[in-house]
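Take a look at the structure below.
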Amino acid sequence: MMRIAAIALLMTLAFMVNAQEPSTFSSERGRNPIPNLSEPPQIHQWQDTEPQPRQFTQQPPVIPHAIDGYVINQKFNKCLTCHSWANYKESGATKISLTHFSDREGQDLANVAARRYFCVQCHVPQTNASPVVNNRFKPAWAKPEANPAVPRD
């Protein structure tokens, strides 16, 4: 016990002696101070265009930015780097809906359900391309019986 106390005393004295000696460390830039601290980087919002309104109830929202080169496989999902509940605030992205965290039986899960993991099964990048086939589809909210303010054809 006495030996441990003596070692602790010696270590304390050695620390105090070293703490009082001037530092011999020399910076590569000499005594020149750093003029400015850099600004924190701006978080880039990846939204290329304004999101389009949904055309029917339960329509998955379209992706308002390019996803070229995004990796979405069994081991990695690039979408989750911004849209996960852990990252959405920092990235400024929309967070994943709670519906993505339940399995077929309706059991709540801690992680994104396997059936909802591959985002582009339901979500597609929006584009300004003209329709391949012309149609007369009108969303439910645009039908006169659903919205009296819409003029009849």
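All letters in the sequence shown, in the order written, are residues -19 to -1, 1 to 134 by mature numbering (1 follows the signal peptide of the UniProt record, and there is no 0).
For glycine and all other residues, C-beta sits at the position ideal for the given N, C-alpha and C.
Fair warning: this is a prediction, and the values are worked out from it, not measured in the lab.
In its chain, beyond the 5 residues on either side, no residue has a beta carbon closer than 6 Å to the beta carbon of V101. Straight-line measurement puts the Cα of C60 at about 13 Å from the Cα of S78. Counting along the chain, no alpha helix (DSSP H) covers H81, and no H or E run does either. Short of 7 Å from the beta carbon of F99, and not among the five residues preceding or following it, lie these beta carbons of its own chain, in chain order: I53. Per DSSP, reduced to three states, the secondary structure at I44 is strand.
Straight through space, the alpha carbons of S19 and C103 are spaced by roughly 41 Å.
Contact holds between the stretch 30 to 48 and the stretch 105 to 121, because three or more Cβ pairs, one in each stretch, are under 8 Å apart.
Under DSSP, I53 shares a beta bridge with N58. Taking C-alpha positions only, S65 is separated from R35 by approximately 22 Å. Counting other Cβ atoms within 10 Å of its Cβ, A95 stays below 16 and is therefore classed as exposed. In chain order, F82, S83 place their CB closer than 7 Å to the CB of D89, counting only its own chain and leaving out the 5 sequence neighbours on each side. Between the C-alpha atoms of E9 and P16 there is a straight-line separation of about 15 Å.
Residue environment: V114 is assigned as exposed (fewer than 16 neighbouring CB atoms within 10 Å of its CB, all protein chains considered).
Between E71 and T62, the alpha-carbon positions lie close to 10 Å from each other.
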